[in-house]
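Taking my numbering, the leading residue of the sequence shown gets 1, the next gets one more, and so forth.
Just so it is clear, CB atoms sit at the ideal spot from N, CA and C, and this is done for glycine as well.
These figures come from a predicted structure and were not determined experimentally.
What follows is one structure encoded as structure tokens, with my remarks underneath.
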Amino acid sequence: MYINPTLLQICGPIGIRIYGLMIVTGLCLFMYLVLRDERRKQYIPEYVFHTAFFYGVISGIIGGRLLFFLTEYQWDEGPFQFFKLWEPGFSLLGAVIAIPPVVTIYLWFKNISSLLFFDIIAVYIPLLQAISRFGCFGSGCCHGLALDQSAWWTVMYEHPDSLAPLNIPLHPTQLYSAVASLILFFLLLLFSRLYSSKRGFIFGFYLFGEGIARFVVDFFRMRSEYEMTYGLKIFQSHVTYYQGISAIVSTVGVIMMIISFVYSEKRASKL
């Protein structure tokens with residue numbers, strides 16, 4: 001697959017890359033869908049969403065960048081490499097972890113329920129993630145394990161600027177993640193109609209689904225040499241740090257769903 005990760009070179013290291021373009025596309029679609037959401041129109045003023053979106057993007061970039069560097073050990077060029085945002089290196093899971101506490105603080109000052117807010121936006125987050133994964137696929141980052149021989153579903157990168165190993169059949173784990181995110185998106189669309197009255201359930205289900213998807217896909221993703229040497233091993237399979245974090249995220253999601261059901265049942269019994 002001969003895809004140039006850089007679509008347009010502007011000046012020096014600055015250019016338009018597939019990964020960045022897909023993230024911007026996903027963010028624009030996400031913002032458009034949330035602004036059109038009827039529950040958002042009813043409960044969340046537009047200016048509040050815009051401000052929360054801004055804080056979410058900033059905290060997401062910092063969290064995603066930080067988790068990537070902490071787990072992938074990309075400190076060869078010193079700490080300033082962290083600030084080179086035009087270079088690849090981002091963890092969607094890190095963004096998922098960083099955004100809620102920051103946005104919750106802002107919503108607290110605005111006297112708006114953070115559970116309601118995240119229930120509304122959680123429906124569309126997987127769509128944003130799916131689009132971003134196509135950017136990963138074009139750039140060659142987040143690539144899968146190498147295979148002994150190619151098959152119809154494997155991918156082989158050929159462009160020298162690709163972040164994946166060249167001319168080796170690989171698991172297309174970026175596409176695995178994209179498909180998982182799309183499935184989660186459609187499930188959340190359905191559940192948002194069935195359980196909209198249960199505060200926190202939709203966001204909890206998103207965390208549960210996202211954690212499970214990442215945990216499973218990571219068995220097919222390339223692991224760092226450090227993780228292979230010092231990582232946890234269960235049933236002859238190496239468990240990555242991301243899988244450990246994903247398990248925690250899923251557990252938090254399950255707890256949120258249980259609390260949401262219990263609280264809604266108690267509230268209904270009092271009526």
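By the neighbour-count criterion, in which a residue is buried when 16 or more other Cβ atoms sit within 10 angstroms of its Cβ, valine 262 is exposed. Burial check for serine 150: the Cβ neighbour count within 10 Å stays below 16, so the residue is exposed. Residue nearest to serine 114 within the set Ile44, Ile125, Arg36, Pro126 is Ile44 (criterion: CA-CA distance). Less than 8 Å separates the beta-carbon of leucine 170 from that of valine 155.
The beta carbon of threonine 51 sits closer than 8 Å to the beta carbons of Tyr106 from its chain, once the five residues preceding and following it are set aside; these are given in chain order. Boundaries of the alpha helix (DSSP H) around tryptophan 108: 92–109. Residue burial annotation: phenylalanine 185 is buried, with at least 16 other C-beta atoms found within 10 angstroms of its C-beta. Here the C-alpha atom of glycine 211 lies approximately 22 Å from the C-alpha atom of leucine 194.
Segment contact: the segment 190–207 against the segment 137–152, fewer than three CB-CB distances shorter than 8 Å; contact not assigned.
Annotation: the continuous alpha helix (DSSP H) that includes isoleucine 131 extends over 125–139. Serine 260 sits away from glycine 209, with the two beta carbons spaced by 8 Å or more. Rounded to whole angstroms, the separation of the alpha carbons of glycine 60 and leucine 127 is 16 Å. Here tyrosine 157 carries a strand assignment [DSSP, helix/strand/coil]. Here the alpha carbon of arginine 133 sits roughly 28 Å from the alpha carbon of isoleucine 255. Counting the other CB atoms within 10 Å of its CB gives tyrosine 206 a total of 16 or more, which places it among the buried residues. Of the candidates Ile58, Arg221, Ser246, Arg221 places its Cα closest to the Cα of cysteine 142. Secondary structure at alanine 164: coil, using DSSP grouped into helix, strand and coil.
Per DSSP, the beta-bridge partners of glycine 144 are Arg221. In the assembly as shown, cysteine 136 is a buried residue. Its beta-carbon has 16 or more other beta-carbons within 10 Å. Assigned with DSSP and collapsed to three states, threonine 251 falls in helix.
Tyrosine 47 sits exposed, since fewer than 16 C-beta atoms from the chains shown fall within 10 Å of its C-beta. DSSP places threonine 6 in the strand class (E or B) of the three-state scheme. Using a Cβ distance threshold of 8 Å, methionine 31 and phenylalanine 53 count as a contacting pair. With respect to valine 123, serine 192 sits close: the two C-beta atoms are nearer than 8 Å. One alpha carbon belongs to arginine 39, the other to cysteine 11, and they sit about 44 Å apart. Distances from the CA of glutamine 243 to each of Leu67, Leu182, Gly138, Ile258 were compared; the closest alpha carbon is that of Leu67.
Rounded to the nearest angstrom, the gap between the Cα atoms of isoleucine 62 and alanine 98 is 8 Å.
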